[in-house]
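Undergrad: Provided herewith is a single structure, encoded as structure tokens, for subsequent inquiry.
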Amino acid sequence: MALKAADIQKRLPDGGKKNCKECGLANCFAFAMKLASGAVSLDRCPHLDPATRAELEEAMLPPIRRITIGQGDRQVVIGEEEVLHRHQKTFLRAPGMGLLLSDTEPAERRAAKLECLSQWQFERLARVSRFDLAALACASGNRDEYLRLVREGLDRTGAGIILLAEDPGILLAAYELSKARQPVVCVTATNADRVLPGLARDTVVCVRAPGVEALAALSARVESAGFADLLLATDAGSLPDLVRDQTLIRRAALVKKHRPLGYPTVVFPSACGNTSPVVLAAAIPKYAGVIILDEVDAARFQAFLTLRQDIYTDPRVPPTVESKIYEFNRPARDASILVTTNFALTYYAVAGEVENSRQAAYLMVLDTGGLCVLASWSAGKLGSETIAEMVRKHDVASRVDHLQLVIPGLVARLKGEIEDELPGWQVVVGPREAAEIPGFLPELIRKRHAN
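Just so we're aligned: the sequence shown equals residues 3 to 453 in our numbering.
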């Protein structure tokens, strides 16, 4: 649980009663309130002694540290999660998606993976998803082969880099080659003491160990070496082990406030000995910060991204689009006018089918607070008055040579009421399902022209 304002105030100068206003706020309690919400920093208080500052900084750290991987538009930000269960609040940061490349893979397979890393992207609900990270593994034990793979990863993709090599010399050579890209360096209990001295202290270090207890011990060692940005990987050998380890780590961080486990996790589904969709998908709701796939399958990847987006959508806020009139297929004076709600799933279903119909159309999207057609009608947010108001507000009649409005088939009962609100307009009851739109629109236009 986050530190409360009252607890912060007690640690401020004079027990929070100094009220010098040098922070720019009315009193110490106001400063404590702002500090608790993250709106200001401790630097605003000039009278904090170093010991108290250090104590407050430690107390105010999130239970799971925020970690940034990569650079530019491929940057991945994970961590700072606050709950065990999504319904308690929301899961904040979707896991980064990585693709595993090995220096022993055939050249054709490696080239295909690099192509996926640089070219694949999928758009859903106005969000573009793709592979964020390239995990480069040294399976050959050959320094030259591995460095060749690292160069390919650097040259052919802008994705973030994760370095996986057991040999300390090879790993450090790869780090020196790629450090301008701020790679993640993975260490184990056997090579950590030889690798860590060669790394910059701001390097993100992935700590890998077999089991949660060994992981916590190694994490503490890496922390004591001066590294603050860590990732955790247990190399679970089965699906039950994966779920168990992920759960134990999250509970240790949030419930027990165990600092060595207060970092995002990295999951390698292939380590479970099974790459079925069930194993891959289990990592998303079970707290993974980064998921590393080892195969290229467009259909599976899209399904995986869809699941990730759905789990990491705030359940407290319905997904919406802007309420306005959208244009499709270069509408002219004879374009049809359709009505729908601003619930994102409804909008994209309707918009996609209107686009596929290849018929010019205007789509009038009402602000229904993110409710679907039936829910917004039953809540009074989609009715004859709201539809008529938007028609008049946007002067829809001036855009076309007809006065014909298509409403969703699920609210056919509004036809008469809308025509009463909009004298001279003809209201047409449209399809009940979005999939019927491509067949409906051409027939509607044919009938309109025939009349």
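Cβ atoms here follow ideal geometry from the backbone N, Cα and C, with glycine treated the same way.
Tell me the rounded alpha-carbon separation between leucine 94 and arginine 46.
TA: Indexing the sequence shown from 1 puts residue 94 at position 92. Indexing the sequence shown from 1 puts residue 46 at position 44. Taking the straight line joining both Cα atoms gives about 28 Å.
Undergrad: Out of Leu103, Ser120, Leu119, which has the shortest C-alpha to C-alpha gap to arginine 112?
TA: Here residue 112 is taken as the residue at index 110 of the sequence shown, counted from 1. Closest option to arginine 112, Cα to Cα, is Leu103.
Undergrad: Starting from the N-terminal side, write out each stretch of the alpha helix (DSSP H) that is 4 residues or longer and does not extend beyond the stretch 33-111.
TA: The qualifying runs are 52-62.
Undergrad: For alanine 351 and alanine 436, which I take to be in contact (beta-carbon distance under 8 Å), what is that distance rounded to the nearest angstrom?
TA: Translated into positions along the sequence shown, residue 351 becomes position 349. Translated into positions along the sequence shown, residue 436 becomes position 434. 4 Å between Cβ atoms; contact.
Undergrad: Whose CA, out of Ala353, Ala363, Asp369, lies closest to the CA of proline 320?
TA: In the sequence shown, the residue the question calls residue 320 occupies position 318. Here the closest residue by C-alpha is Asp369.
Undergrad: Looking only at C-alpha atoms, which of Ser380, Val298, Pro212, Arg252 sits nearest to alanine 235?
TA: To locate residue 235, count along the sequence shown from 1; it is residue 233. Check the Cα spacing between alanine 235 and each of Ser380, Val298, Pro212, Arg252: the tightest is with Pro212.
Undergrad: Of all the alpha helix (DSSP H) runs that stay within the bounds of the stretch 363-451, which reach a length of 4 or more residues?
TA: 375-380, 386-395, 417-423
Undergrad: So, helix, strand or coil for threonine 342, using DSSP?
TA: Counted from its first residue, the sequence shown places residue 342 at position 340. Strand, per DSSP.
Undergrad: Does the Cβ of glutamine 11 have 16 or more other Cβ atoms within 10 Å, making it buried, or fewer, making it exposed?
TA: As a working mapping, residue 11 is identified with position 9 in the sequence shown. Looking at its Cβ environment, which holds 16 or more other Cβ atoms inside 10 Å, glutamine 11 is buried.
Undergrad: Closer than 6 Å by C-beta to lysine 288: which residues in its own chain qualify, once you throw out the five before and the five after it? Chain order, please.
TA: For the purposes of this step, residue 288 is taken as residue 286 along the sequence shown, with counting starting at 1. So the qualifying residues of the chain are Val245, Gln248.
Undergrad: Would you mind working out which of Val268, Ala346, Phe303, Leu263 sits nearest valine 460, comparing C-alpha positions?
TA: Shown here, the chain extends from 3 to 453; a query on residue 460 therefore has no answer.
Undergrad: Name the DSSP bridge partner or partners of arginine 129?
TA: In the sequence shown, the residue the question calls residue 129 occupies position 127. Arginine 129 is bridged to Arg126.
Undergrad: State the DSSP-derived secondary structure class of threonine 298, mapped to helix, strand or coil.
TA: The residue you call residue 298 lines up with position 296 of the sequence shown. Before going further, note that residue 298 is valine rather than threonine in the sequence given. Here valine 298 sits in coil by DSSP.
Undergrad: In this structure, does DSSP put arginine 210 in helix, strand or coil?
TA: Working through the sequence shown from its first residue, we reach residue 210 at position 208. It is a strand residue.
Undergrad: How would you write the range of the alpha helix (DSSP H) that alanine 139 sits in, first residue to last?
TA: Counting from one through the sequence shown, the residue named residue 139 turns up at place 137. No alpha helix (DSSP H) contains alanine 139, which is instead part of the beta strand (DSSP E) from 135-139.
Undergrad: Measure the C-alpha to C-alpha separation of alanine 414 and arginine 434 and round it to an integer number of angstroms.
TA: Sequence index remark: in the sequence shown, residue 414 carries index 412 (1-based). Sequence index remark: in the sequence shown, residue 434 carries index 432 (1-based). Rounded to the nearest angstrom, the two C-alpha atoms are 9 Å apart.
Undergrad: Which of the three DSSP states is assigned to isoleucine 286 in this structure?
TA: Translated into the one-based positions of the sequence shown, residue 286 becomes position 284. Three-state result, isoleucine 286: coil.
Undergrad: Would you say the stretch 261-273 touches the stretch 63-76, given that touching needs at least three Cβ pairs under 8 Å?
TA: yes
Undergrad: Could you pull out every residue in the same chain whose Cβ sits closer than 7 Å to the Cβ of glycine 18, ignoring the five residues on either side in sequence?
TA: As a working note, residue 18 is residue 16 in the sequence shown. The residues are Gln11, Lys12, Cys30, Phe31, Ala34.
Undergrad: Can you grab the Cα-Cα spacing for the pair methionine 3 / leucine 256, in whole Å?
TA: Here residue 3 corresponds to residue number 1 of the sequence shown, with the count starting at 1. Here residue 256 corresponds to residue number 254 of the sequence shown, with the count starting at 1. Legend: pLDDT at methionine 3 = 47, less than 50; position of this residue unreliable, no value from coordinates given.
Undergrad: Quick one: residues in its chain with C-beta nearer than 7 Å to the C-beta of alanine 337, no 5 flanking neighbours on either side, listed in chain order?
TA: Taking the first residue of the sequence shown as position 1, residue 337 is located at position 335. Answer for alanine 337: Ala362, Ala363, Tyr364, Val402, listed in chain order.
Undergrad: CB-CB under 6 Å to leucine 37, same chain, minus the five flanking residues each way: which ones, in chain order?
TA: One-based indexing of the sequence shown puts residue 37 at position 35. Cβ neighbours of leucine 37 beyond the five flanking positions: Ile10.
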